[in-house]
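Protein chains in written order, with this note's numbering: chain W, -13 to 160; chain F, 149 to 293; chain G, 83 to 703.
Note that the Cβ used here is the ideal one computed from N, Cα and C, for glycine as well.
It should be emphasised that the depicted structure is a prediction, and the values quoted were computed from it without experimental measurement.
Taking it in order: structure first as structure tokens, then the write-up.
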Amino acid sequence: MNRLIIFLPLLILLMICFFVLMYLLSNKDPNKPPSALINKNVPIFISKSLYDSDYVIKSEDLKNKKVLINFFASWCIPCKVEHPLLFEISKSYPDVYLLGLNHKDKSNDAKNYLSQDGNPYDFVGVDSDGMIALEFGVFGLPETFLINENGKIVYKFMGPLTKEIIKNEIIPLL
Amino acid sequence: MSLRYQRLLLIILSLFFVLGATLLILFNTKENISYFYTPSELSSLNINLDKKIRIGGFVEKNSFNKVSAGDFNFKITDDINSIYVNYKGILPDLFREGQGAVIEGYFQNKEIFNATTVFAKHDENYMPASIKSKLENSGYWNKNY
Amino acid sequence: MSSLIGFASLVLAILFNAYLIFSNFFIKNNGKVFNLFIRTSSVLTIISFFSLMFAYVVSDFSNFNVFQNSHSEKPLIYKISGTWGNHEGSMLLWVSILSIYGLLFSFTKNIDLKFKQETLLIQSSIHILFGLFIIFTSNPFLINSVIVEEGLGLNPILQDPGLAVHPPILYAGYVGYSIVFSQAIASLLNHNKNKDWISVAKKWSLISWTFLTAGIALGSYWAYYELGWGGWWFWDPVENISLMPWIAGLALVHSLLMAKGEQLLKKWIIFLSILCFSLSIFGTFLVRSGILTSVHSFASDASRGLFILLIFFIITGFGFLIFLLKTPESSKPINFLFINKASALVINNILMIIATLTILLGTIYPIIVEVLTNDRISVGGPYFNSTVIPIMIPGFLLMSIAPILSWQTNKVRNARLYVLGFVVISFIVLIQSYFSTFNTWGVLGLILGIWIILASCISIISSSKINYDFKLLQKINPYIAHIGVGVAIIGITCSSVFKNEYELNINEGDKFQIENTMISLEKIEMTNEINFQALRANFLIEKNKKIVARIKAGKNYYPVSKMITTEAGIFHQWYRDIYFIVGDQKDNNWFVKVYINPFVSFIWVGVLIMVLSGFIGISKR
């Protein structure tokens, strides 16, 4: 009886460790919201060009081509890091329409940024109040969406693109 | 009192208290635990009107409606199903259409949910923890996202 | 540069500790060399911490941690507190406090040398484990790969003086238990026959408990005036985690008292010492692995979680294993009479441990359920209120009479006086509540609170010859602590049971009456501050047609981070707080929530008394 009581803490410890370990390994995330944008139609939006406000792009314009939408901003350092990789995509896959959406940025800052680091985009749209990003459920910059010919979102990536991601996840879908 | 007798008394006393605590716990877990669902999970579920429920999802676009300064209704959605929610009180600072929210309360009937508490967990600074840590590890995490 | 110094000294400190432990198996280090090594490694760890702080103060953004969490325009105090405002820095603070405690302990005199060295060796092992954790999973000295001129950390919520000092004090509490743990294990290992470790452990457990009390109270106070939810305790996992070692530590402090009555419960004391530190590490684990949903959102990472889980398992497992293998010989039987001090303390201990386990169960229950059934649940405040409080109530009752019980006999001094006092108080409270609002919990809490204060006062008066000096203060110290608890119980009971909420829709210029107080919403103004826009509603509080106070409540909007924060307005009176929150508006009609929180200030005063009494206890030799 006495022995048993002394063993009890050790048993409870083992049990707690077991459950917590199972939980950690099951890769559950209590904070994760439901994410269900994949295989949905592109949200409807209109965006003015960064360089010419008379010129706009609408979500309907994206039909019948593969589009890579990339949310970026001049204040976002990770965007700067993934920036060169976008050039590689535009060079090796000229058919893909690269749409950059400039998120919550000052237009002069964005222009400076693109003139310094180069402009890989076929079109740079302005999303100064972040409403388009809201529609896309963007959590943070950068975020990249791949849209197929039917206007469906087929791939979404949060965070800066890497060579591996492009090679393993994006290129097979192109 | 002998040592043996004393120990027995001690064990009986402890057992008595443990029993009391266990009863309290069993008695209380029934009402004080709330289950966590997404709107889609709820649609395929038999709803118990007495059960306290938490629902996690996004606040649907253009669904937010201010009846008066302290009385709101909106829809909470996971892009598949949505649920109509009534709420009286003060909305959290981070509550916005299109952003994630967790609400707690009871169903009034099959369609209408009366929220007692609204938490806005995710704002622009929010990122799912797993992705955030991935970013942090890669060294490119920016708090101003 | 400072990053390099910091990293190097951190690594060196670990190496020193590792050398000390390994060399101890082969050569017998003499006391001087041993102390030199321990102190060097402690000082190196502290240097490491200060070099990180230096990087924060000078805004050295070449350090990645500083870049992420600081901003050059932050006020100096928040730059300093930014050092521990993030995961990496806070872990470094953890280890630094561990080192400071080790350093202080190495200066303790008059204890068995072998016992002292073994304690420090165990302390070093803990230092190595957490040091490796920092280096491999959360290094605060990483160099930024991009050259930048400005940092990213400007979270307005975290910029608050209360929050700046809260973590170090809380950690001083958590980590203090490590010394108690090491002492317990060391005494097990060398079958320490003499009792002097008990008196040493008493001091250290009191230090940790006092800091933990202060830390929890600060956090709670911050939540009360900053979060704008009208309450001060939410049974949030992070709060529960800090409460568990607190209650266990309370049990420990009280069991150590029994040493005074020559009735050692050595086994039990050692068990509690191990438990306290285990709960502290478990708390660190739950917070840092981010597996619990909480209002405090901490960055989480599976690998970090696994690493701390491993540390937790090693330390706790090692502790309980030694406990199992080297069970201390049965001590003298305790004098377990029907009503004496010993039995009261034993019952109180049992109750506290059950309360701790109840909180633990409620906190990790969601994890267990999700692993087993995949259901996602949350255990709310009502569960804790309705389980923990009933368990604690008999404990509080015992507490009020325990100090007057004797160690050896069944007799109670002045028994009649106490019974009379109790009956009179119960009677008064019952009648009072009969004429106002009757609430069982409220009556119970009030009777208990007042009774504890009164009983302690009677004891003070009747037990001591009155000569006012510090010795007297030390002698009556237990009663002082209990008075603090009584005051806090009154505050807790009143502010939770008799709390009132009023929801109003009002326009500018409207007057309304709440509990004989006329309040009017004078005007609503928008102002532009340096880095935010402020919306403030000005409330005018009148009593007997005289203006008593002007209270501002509202919201701040921070355009840079696009964040809104609620700024509650609180009108403090000694017997109640009037707490204003401003909500939304429609057509200039504002939604305002007013809480009347009676006797909230008693909670803080009560805790303050407890902390003061803790310090008096520490100063006692």
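query                                                                                                                                                                                : result
With a threshold of 8 Å between beta carbons, is Leu120 of chain W in contact with chain F?                                                                                          : yes
Any idea if Ile159 of chain F is buried or exposed, counting beta-carbon neighbours within 10 angstroms, 16 or more meaning buried?                                                  : exposed
Quick check: Leu617 of chain G and Ile571 of chain G, are their CB atoms within less than 8 Å of each other?                                                                         : no
Name, going along the chain, the residues of the region 615 to 631 of chain G whose beta-carbon falls closer than 8 Å to a beta-carbon of chain F.                                   : none
For Asn496 of chain G, I'd like the list of residues in its chain whose CB is within less than 8 Å of its CB, leaving aside the five on either flank, ordered along the chain.       : Ile486, Ile540 and Ser544
So, using beta-carbon positions, are Ile32 of chain W and Val42 of chain W closer together than 8 Å?                                                                                 : yes
DSSP state of His248 of chain G, grouped into three classes?                                                                                                                         : helix
Rounded to the nearest angstrom, what separates Leu271 of chain G and Ser144 of chain G at their Cα positions?                                                                       : 47 Å
Contact check, Ile404 of chain G vs Ile267 of chain G under 8 Å by CB: the rounded distance?                                                                                         : 6 Å
Would you report the Cα separation of Ser337 of chain G and Gly331 of chain G, rounded to the nearest angstrom?                                                                      : 10 Å
How long is the line joining the alpha carbons of Leu197 of chain F and Ala249 of chain F, rounded to whole angstroms?                                                               : 21 Å
How would you write the range of the alpha helix (DSSP H) that Glu308 of chain G sits in, first residue to last?                                                                     : Asp278 to Glu308
Could you pull out every residue in the same chain whose Cβ sits closer than 8 Å to the Cβ of Lys408 of chain G, ignoring the five residues on either side in sequence?              : Leu270, Leu271 and His273
Check whether the Cβ of Phe5 of chain W lies closer than 8 Å to any Cβ atom in chain G.                                                                                              : yes
I'd like to know whether the C-beta of Ala249 of chain F is nearer than 8 Å to at least one C-beta of chain G.                                                                       : no
Under 8 Å: do the region 552 to 560 of chain G and the region 598 to 606 of chain G share three or more Cβ pairs, one atom per stretch?                                              : no
Identify whether His654 of chain G lies in helix, strand or coil by the three-state DSSP scheme.                                                                                     : strand
Please specify which runs of the beta strand (DSSP E), each continuous and at least 3 residues long, are wholly inside the region 176 to 237 of chain F, giving them in chain order. : 181 to 185, 201 to 207, 213 to 216, 219 to 225 and 230 to 236
Check the C-beta distance from Asp242 of chain G over to Glu308 of chain G and give it rounded, since I have them as a contact under 8 Å.                                            : 6 Å
Under a three-way DSSP split, which group does Arg155 of chain F fall into?                                                                                                          : helix
Quick one: list the residues of chain F neighbouring Lys587 of chain G, beta-carbon separation under 8 Å, in chain order.                                                            : Before going further, note that residue 587 of chain G is Asn rather than Lys in the sequence given. Per Cβ cutoff of 8 Å: Ser216, Ala217 and Gly218.
Strictly below 7 Å CB to CB, what residues from chain W border Phe402 of chain G?                                                                                                    : Pro(-5), Leu(-4) and Leu(-1)
Should the region 279 to 298 of chain G be called in touch with the region 394 to 402 of chain G, which here means at least 3 C-beta pairs below 8 Å?                                : no
Compare the Cα-Cα distances from Gly651 of chain G to each of G:Tyr640, G:Asn679, G:Asn671 and G:Asn670 and report the closest residue.                                              : G:Asn679
Quick one: Cα of Gln150 of chain G to Cα of Trp61 of chain W, how far?                                                                                                               : 14 Å
Could you check whether the Cβ of Phe389 of chain G sits closer than 7 Å to any heavy atom belonging to the ligand COA?                                                              : Because no ligand of any kind appears in the structure shown, any question about the ligand COA cannot be addressed here.
Measuring only between beta-carbons, confirm whether Ser290 of chain G sits less than 8 Å from chain W.                                                                              : no
Give the range of the beta strand (DSSP E) segment to which Gly167 of chain G is assigned.                                                                                           : Element bounds for Gly167 of chain G: n/a, residue is neither H nor E.
How many angstroms separate the CA atom of Val567 of chain G from the CA atom of Glu597 of chain G?                                                                                  : 29 Å
Starting from Asn117 of chain G and walking both ways along the beta strand (DSSP E), at which residues does that stretch end?                                                       : Element bounds for Asn117 of chain G: not the beta strand (DSSP E) but the alpha helix (DSSP H), Gly113 to Val139.
Given a threshold of 16 other Cβ atoms within 10 Å of its Cβ, counted over all protein chains shown, does Glu607 of chain G qualify as buried or as exposed?                         : exposed
Can you tell me the Cα-Cα spacing of Phe98 of chain G and Ile397 of chain G, whole angstroms?                                                                                        : 20 Å
Determine which residues of the region 652 to 680 of chain G have a Cβ less than 7 Å from any Cβ of chain F, and write them out in chain order.                                      : Ile663, Gly665, Asp666, Gln667, Lys668, Asn671, Trp672, Phe673 and Lys675
Shorter than 8 Å from the beta carbon of Met117 of chain W to some beta carbon of chain G?                                                                                           : no
Would you please verify whether the beta carbon of Val461 of chain G is less than 8 Å from any beta carbon of chain F?                                                               : yes
What do you get for Arg386 of chain G, buried or exposed, if any count of 16 or more other CB atoms within 10 angstroms of its CB means buried?                                      : buried
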